[in-house]
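Protein chains: 2
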Amino acid sequence: MDPVFAALADPHRRTIIELLGDGPRNVTTLAAALPIARPGVSRHLRVLREAGIVTAEAHAQERVYTLVPESLREADEWLSARAGFWRQRLDALDTELRRNS
Amino acid sequence: MDPVFAALADPHRRTIIELLGDGPRNVTTLAAALPIARPGVSRHLRVLREAGIVTAEAHAQERVYTLVPESLREADEWLSARAGFWRQRLDALDTELRRNS
DNA sequence: CCGCTATGTACCCTTGTGGTTACGTACGCG
DNA sequence: CGCGTACGTAACCACAAGGGTACATAGCGG
Chain U
1 MDPVFAALAD PHRRTIIELL GDGPRNVTTL AAALPIARPG VSRHLRVLRE AGIVTAEAHA
61 QERVYTLVPE SLREADEWLS ARAGFWRQRL DALDTELRRN S
Chain E
102 MDPVFAALAD PHRRTIIELL GDGPRNVTTL AAALPIARPG VSRHLRVLRE AGIVTAEAHA
162 QERVYTLVPE SLREADEWLS ARAGFWRQRL DALDTELRRN S
């Protein structure tokens, strides 16, 4: 989970994830859509790969990167648990405080 | 959204969020549950505060921090959109590829 | 007022991160 | 083979981030 959140911290990496949402892409195509040079994109992809968010498949001399959506599920569950469950809990606490005051 | 993801990137900050899930806490209490000294916790709380994830309320000379769960909703939506929607999309793509091969 | 408690902040240091350029490698093509 | 293409990686740099210690501040309590 940790590497997933770390990967998500960088805006460029989130952009890459969004681009891959439209389908598999190679490095050059991704780099063309980003404000940084290709080597930089390559390293971002390495981070995403090690986090299990994308997978690379060698296709001739180009490597096609594909999104692995279920890799985000763990982080998603962590977030939604706190965005929803505790919301109710704190509301209840707040209500009780108002009643006692 | 960006500051939220940036805040979530640090494990200590996520621990703080989890601790605050059990209810409001002051800085000293949080620091006792973390492997770092209090000033460090104080700075983490500053980041979380500026990201809108927690709010501070002065209570005597102690400041009680409270979680703001809905602040995580934006990030949660971003994640769940990619963890679910694109999942189906890629499955469909995969199915089509198998059919054509 | 004085001291104690609870915090935030400034300062310093070390490490991590993101970017660039230059270089090495793998593979298809003629 | 020799070339061009598509990548990954190494070397190098500048800067942001996280941690610790020391210090300033704000309230309580007596």
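Chain order of the listed sequences is U and E.
Last residue of the first sequence: 101 in this note's numbering, with the numbers rising by one and none dropped.
Last residue of the second sequence: 202 in this note's numbering, with the numbers rising by one and none dropped.
No residue lacks a Cβ here, since even glycine has one placed at the ideal position from N, Cα and C.
- Message: Quick check: is the beta carbon of Ala83 of chain U nearer than 7 Å to any beta carbon in chain E?
- Response: yes
- Query: Alpha carbon to alpha carbon, what distance is there between Ala56 of chain U and Pro3 of chain U?
  - Reply: 18 Å
- Pick from E:Leu149, E:His145, E:Arg139, E:Arg126 that is closest to Ala159 of chain E, judged by C-alpha positions: E:Arg126
- Which two residues bound the contiguous beta strand (DSSP E) that contains Leu67 of chain U? Taken as a continuous stretch (DSSP letters only), the beta strand (DSSP E) holding Leu67 of chain U covers 62 to 67.
- Beta carbon proximity, Pro170 of chain E to chain U, threshold 7 Å: yes
- Query: Any contact of the region 132 to 147 of chain E with the region 42 to 54 of chain U, i.e. 3+ C-beta pairs under 8 Å?
  - Reply: no
- Message: Please report whether the beta-carbon of Leu180 of chain E lies at a distance below 7 Å from any beta-carbon of chain U.
- Response: yes
- Minimum length 4: unbroken alpha helix (DSSP H) runs contained in the region 21 to 67 of chain U: 27 to 32, 38 to 50
- Task: Below 8 Å on the Cβ atoms is my guess for Leu20 of chain U versus Leu67 of chain U; work out the distance and round it to an integer in Å.
- Result: Cβ atoms of Leu20 of chain U and Leu67 of chain U come within 8 Å of each other, at about 4 Å.
- Could you spell out where the alpha helix (DSSP H) holding Arg73 of chain U opens and where it closes? 73 to 80
- Query: In chain order, what residues of the same chain have a beta carbon less than 7 Å from the beta carbon of Leu34 of chain U, not counting five sequence neighbours either side?
  - Reply: His12, Thr15, Val41
- Cβ-Cβ separation, Glu70 of chain U to Ala184 of chain E (assumed contact under 8 Å), whole Å: 7 Å
- Find the nearest neighbour of Gln61 of chain U within the set U:Ala31, U:Val47, U:Val27, judged by alpha-carbon distance. Nearest C-alpha to Gln61 of chain U among U:Ala31, U:Val47, U:Val27: U:Val27.
- Return no unless some Cβ of chain E is closer than 7 Å to the Cβ of Ala72 of chain U. Inspection of the sequence shows that residue 72 of chain U is occupied by Leu rather than by Ala. Yes - at least one Cβ of chain E is within 7 Å of the one on Leu72 of chain U.
- Query: Can you name the residues of chain E whose CB is closer than 7 Å to the CB of Ile17 of chain U?
  - Reply: Arg183
- Message: Spatial neighbours of Ile154 of chain E within its chain, please: C-beta separation below 8 Å, excluding the five flanking residues on both sides.
- Response: Val105, Ala108, Ile118, Leu168, Val169, Ser172, Leu173
- Task: Can you tell me which of the three DSSP states Asp10 of chain U falls into?
- Result: Asp10 of chain U carries a coil assignment under DSSP once its states are collapsed to helix, strand and coil.
- Query: Alpha carbon to alpha carbon, how far is Asp76 of chain U from Arg164 of chain E?
  - Reply: Pairing Asp76 of chain U with Arg164 of chain E, the inter-Cα distance amounts to about 30 Å.
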